[in-house]
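In what follows, a structure is listed as structure tokens, so that the remarks can point back to it.
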Amino acid sequence: MNPFLLFIQQLVNGLRVGSIYALVALGYTMVYGIIRLINFAHGDFIMVGGYTLAFTVPLMVAAGMPAWLAVVAAIITCAITGILVEKLAYSPVRRRGNRMSSLITAIAMSLLLENGAQVLFGANPRGVGTLFTLPNIGVFSGTTLLTIVLGALVMIALQLFVNKTKMGRGMRAVSEDKEAATLMGVHVNRTIAITFAVGSALAAVASLMYCAQYNQVTTTMGSMLGLKAFVAAVLGGIGVVPGAMLGGILIGVVESLSKAYIGTLTGGVITSAFSDAIVFAILIVVLLVKPAGILGSNAGEKV
Amino acid sequence: MKKFVSLALAGSLLVSLVGCGASSSAAPASAASGASSAASTSAEISLGVTAPLTGSLATYGESVQKGVTLAVDEINAAGGILDKQVKVTFEDDKGDSTEGANSFNKLVSEGVCAIIGSVTSGVTSGLATLTDENGMLLITPSGTADTLTEGHPSVFRACFNDSYQGSIAAEFAAKDLGAKKVAILYASSDPYSAGIAASFEAACKTYGLDVVAKESSSSMTDTDYSAQLTNIIAAGPDVIFAPYYYDTVGPYIVPQTRAAGYTGVLLGADGWDGTTDTMVDDKSLYNNTYFINHYAADNPSEEVQNFVTSFNAAYGSTPNAIAAMSYDAVYMIKTAIEKAGTDTTADIVTAMTGMEFSGVTGSFKLNDLNTPEKPAVVMEYVDGNLVFKASVGGNG
Numbered sequence: 001m002n003p004f005l006l007f008i009q010q011l012v013n014g015l016r017v018g019s020i021y022a023l024v025a026l027g028y029t030m031v032y033g034i035i036r037l038i039n040f041a042h043g044d045f046i047m048v049g050g051y052t053l054a055f056t057v058p059l060m061v062a063a064g065m066p067a068w069l070a071v072v073a074a075i076i077t078c079a080i081t082g083i084l085v086e087k088l089a090y091s092p093v094r095r096r097g098n099r100m101s102s103l104i105t106a107i108a109m110s111l112l113l114e115n116g117a118q119v120l121f122g123a124n125p126r127g128v129g130t131l132f133t134l135p136n137i138g139v140f141s142g143t144t145l146l147t148i149v150l151g152a153l154v155m156i157a158l159q160l161f162v163n164k165t166k167m168g169r170g171m172r173a174v175s176e177d178k179e180a181a182t183l184m185g186v187h188v189n190r191t192i193a194i195t196f197a198v199g200s201a202l203a204a205v206a207s208l209m210y211c212a213q214y215n216q217v218t219t220t221m222g223s224m225l226g227l228k229a230f231v232a233a234v235l236g237g238i239g240v241v242p243g244a245m246l247g248g249i250l251i252g253v254v255e256s257l258s259k260a261y262i263g264t265l266t267g268g269v270i271t272s273a274f275s276d277a278i279v280f281a282i283l284i285v286v287l288l289v290k291p292a293g294i295l296g297s298n299a300g301e302k303v
Numbered sequence: 001m002k003k004f005v006s007l008a009l010a011g012s013l014l015v016s017l018v019g020c021g022a023s024s025s026a027a028p029a030s031a032a033s034g035a036s037s038a039a040s041t042s043a044e045i046s047l048g049v050t051a052p053l054t055g056s057l058a059t060y061g062e063s064v065q066k067g068v069t070l071a072v073d074e075i076n077a078a079g080g081i082l083d084k085q086v087k088v089t090f091e092d093d094k095g096d097s098t099e100g101a102n103s104f105n106k107l108v109s110e111g112v113c114a115i116i117g118s119v120t121s122g123v124t125s126g127l128a129t130l131t132d133e134n135g136m137l138l139i140t141p142s143g144t145a146d147t148l149t150e151g152h153p154s155v156f157r158a159c160f161n162d163s164y165q166g167s168i169a170a171e172f173a174a175k176d177l178g179a180k181k182v183a184i185l186y187a188s189s190d191p192y193s194a195g196i197a198a199s200f201e202a203a204c205k206t207y208g209l210d211v212v213a214k215e216s217s218s219s220m221t222d223t224d225y226s227a228q229l230t231n232i233i234a235a236g237p238d239v240i241f242a243p244y245y246y247d248t249v250g251p252y253i254v255p256q257t258r259a260a261g262y263t264g265v266l267l268g269a270d271g272w273d274g275t276t277d278t279m280v281d282d283k284s285l286y287n288n289t290y291f292i293n294h295y296a297a298d299n300p301s302e303e304v305q306n307f308v309t310s311f312n313a314a315y316g317s318t319p320n321a322i323a324a325m326s327y328d329a330v331y332m333i334k335t336a337i338e339k340a341g342t343d344t345t346a347d348i349v350t351a352m353t354g355m356e357f358s359g360v361t362g363s364f365k366l367n368d369l370n371t372p373e374k375p376a377v378v379m380e381y382v383d384g385n386l387v388f389k390a391s392v393g394g395n396g
């Protein structure tokens, strides 16, 4: 194959993976932007959404409705899970501890969800079935294009929600100063709960596109996906909504190109198996060179 | 007060040391007495089985239990071995190494003359080390890692090993598929995948196959292989060899290969068994895919069909490869005991070393590494169904 066409094909592969990372990173960045908590359980909310899809898609198909409508059930389940996790775990810890204890609680919730799912559904993977039948457009698969379009729509909707609505204004107020926001009549706890509900609903949308792409759910599917999306969010500037989109796409393209060319470039010393290491090396470089990320400015203005 | 605490600590340390000493010296002693008491003094021949009867690998354990029970019932109905009835004790290792060691030690202390188990290479490798202490005969029905039998003279297996699978795959690609150019996709960090890929690549030279591309993934559980597959397909192979497990093959590797525009052959190893359960809705994607396995229930040979019939009569289901190899493992022990003329563990080990055997998973001679050299079967997926394609290799 012509090397140029091959390069284009690898870019498309990168977009395919990156569009999923972008959707996941949007949820990460949204929650971080409001309460400054890196929600490590976000990847596992995607798993919860994935399993909801796996169980509801057959029902949708049996009822003669389009399979992707199962995402409604997934959004509801994820939002409820998100609020429960916030009320039962994050909120009590936030009141007593510092940011570090919240972070550790997030890791604990991630493990709890993964292992809980393993007890409930067993260790065997579960198929999801066909969600969309989309035609390919040029070199792009229909699913990839839909993921990118959906990611962009979600990004715009989030920007409008945070910047133009009353609830969004409340979120920004909570993000800047919780005490002052309370004094201004913002219901802080309700605002945070709604932030989690929206963030988790985004996880459900991400799980829909993940399942459309990869067709199978496992109880641990959220861990690596969540970590890479976290790197994407940091690369783009955590807390900055368009940054998550940009970071996700970039990480996907870097991962794909490193898989494709690292072997030839290094004469086989570093192989495509190192692609994950390269992705995480990016995290280290970003933290050293520009900790605020590509689109991030100083911390005070983050939303 | 401080003095008292340190005294108490010293005391407890002493107790624990004595405890350790006692238990470590007791283990080989009881093992030795276990092995010798199994000698011809008892009126029955006692076999032990350790398998994952519960846990996530419980389906494997269930297959072992059914295969072993069927063989023992047949043997006892026909008068036993050396006119003695056979008794089997099952222990549950839950697919866990520690539990496996406990099961093994328990069976040894009960005085069994041979142990069948365990199912996975992971658990079995721990048990193999334990046999060094007491010379217990261990025969794994399905542990394929090469190292299991290396340096452990009393460990045997009823299956071929991973390096053999790789060379069988190359032979099938060259002779039956007439391939010239092959590509390899594997997980370099996983011993199973990397081991088979290496032996496949080595065998490609023997069979005149040209390896045009070799790409690796970070792990056996990656979800996206499109970048590697794009490179592989650009190199224009006739066959893509991908030694992964069924949970990756079904949803990711095969659909992504087809989505990248490749319609040629995909070839795998025994880890592909079970892909039927993980396939995506469009089963036609899986046409033109093959994998190496130990046994095929629809193999027309008479031994296989007799076994399938009696298994079906006993349990109302079709036996899988693990049930078949467990069944063979019992008969391998029977053959060795009859050859030795006694049921003393050491004599059975001597008799089994280099033994010739004919069973439902093939006729073979055990090689220097106590591993059968037997024909493998190649299975094909046709519209999502598993079909017996060919029998390859083996020195009979």
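If you read the protein sequences in the order shown, they are chains A and B.
FYI, the numbering for the first sequence is 1 to 303, going by my numbering.
FYI, the numbering for the second sequence is 1 to 396, going by my numbering.
We treat Cβ as the ideally placed atom computed from N, Cα and C, and that holds for glycine.
Quick caveat: nothing in here was measured; it's all calculated off a predicted structure.
DSSP places arginine 16 of chain A in the uninterrupted alpha helix (DSSP H) bounded by 3-35.
Taken through DSSP and simplified to helix, strand or coil, serine 109 of chain B comes out as helix. The beta-carbon of alanine 227 of chain B is placed less than 8 Å from the nearest beta-carbon of chain A.
Of the residues B/Leu386, B/Gln256, B/Leu130 and B/Lys214, the one whose Cα lies closest to the Cα of aspartate 298 of chain B is B/Leu386.
At a cut-off of 4 residues, the continuous stretches assigned as alpha helix (DSSP H) that sit fully inside the region 44-81 of chain B are 58-77. Identification of residues in the region 63-87 of chain A having a C-beta nearer than 7 Å to some C-beta of chain B yields an empty set. Cβ contact annotation for isoleucine 75 of chain A (same chain, cutoff 6 Å, sequence separation greater than five): Ala201 and Ala204, in chain order. As DSSP reads the structure, tyrosine 186 of chain B sits in a beta bridge with B/Ser216. Among the CB atoms of chain A, none fall inside 8 Å of the CB of threonine 120 of chain B. Here leucine 177 of chain B carries a coil assignment [DSSP, helix/strand/coil]. In the structure shown, the three-state DSSP call for glycine 117 of chain B is strand. Under the DSSP assignment, leucine 266 of chain B falls outside any alpha helix (DSSP H), being part of the beta strand (DSSP E) whose first and last residues are 265-268. The alpha-carbon separation between serine 102 of chain A and arginine 94 of chain A amounts to approximately 6 Å.
A distance below 6 Å between beta-carbons, with the five flanking residues on each side excluded, links arginine 169 of chain A to no residue of its chain. Here the C-alpha atom of aspartate 177 of chain A lies approximately 10 Å from the C-alpha atom of isoleucine 35 of chain A. At least 8 Å separates the CB of valine 304 of chain B from every CB of chain A. Taking 8 Å as the threshold, the shortest C-beta distance from asparagine 370 of chain B to chain A does not fall below it. Nearest in C-alpha terms to glycine 236 of chain A, of all of A/Ala173, A/Gly33 and A/Val269, is A/Gly33. Glycine 236 of chain B is not a Cβ neighbour of valine 254 of chain B, given a cutoff of 8 Å. Chain-ordered listing is empty here: chain B has no CB closer than 9 Å to the CB of serine 223 of chain A, the nearest sitting near 10 Å. For valine 378 of chain B, the closest of B/Lys365, B/Val392, B/Ala187 and B/Thr361 by C-alpha to C-alpha distance is B/Val392. In the structure shown, threonine 77 of chain A adopts helical secondary structure according to DSSP, grouped into three states. Only exposed fits glutamate 179 of chain A, as fewer than 16 other CB atoms lie within 10 angstroms of its CB.
In the pairwise beta carbon analysis, the region 262-279 of chain A is classified as not touching the region 47-63 of chain A: fewer than three pairs are separated by under 8 Å. DSSP places serine 258 of chain A inside the alpha helix (DSSP H), whose first and last residues are 241-265. A straight line joining the alpha-carbon of alanine 77 of chain B with that of serine 109 of chain B spans about 28 Å. DSSP places phenylalanine 161 of chain A inside the alpha helix (DSSP H), whose first and last residues are 142-164.
Ala187, Ser188 and Ser189: these are the residues of the region 180-200 of chain B whose beta carbon lies less than 8 Å from some beta carbon of chain A, given in chain order. Leucine 386 of chain B carries a strand assignment under DSSP once its states are collapsed to helix, strand and coil. Cβ neighbours of lysine 84 of chain B within its own chain (closer than 7 Å, five residues either side excluded): Ala43, Glu44 and Ile45. Aspartate 273 of chain B places its beta carbon less than 8 Å from that of asparagine 293 of chain B. Taken through DSSP and simplified to helix, strand or coil, valine 285 of chain A comes out as helix. Cβ contact annotation for lysine 87 of chain B (same chain, cutoff 6 Å, sequence separation greater than five): Glu44 and Ser46, in chain order. With respect to aspartate 146 of chain B, glycine 195 of chain B sits close: the two C-beta atoms are nearer than 8 Å.
Residue pairing by DSSP places glutamine 216 of chain A opposite A/Gly127 in a beta bridge. Contact note: threonine 278 of chain B reaches chain A through Pro125, Gly127 and Gln216, using a C-beta cutoff of 7 Å and chain order.
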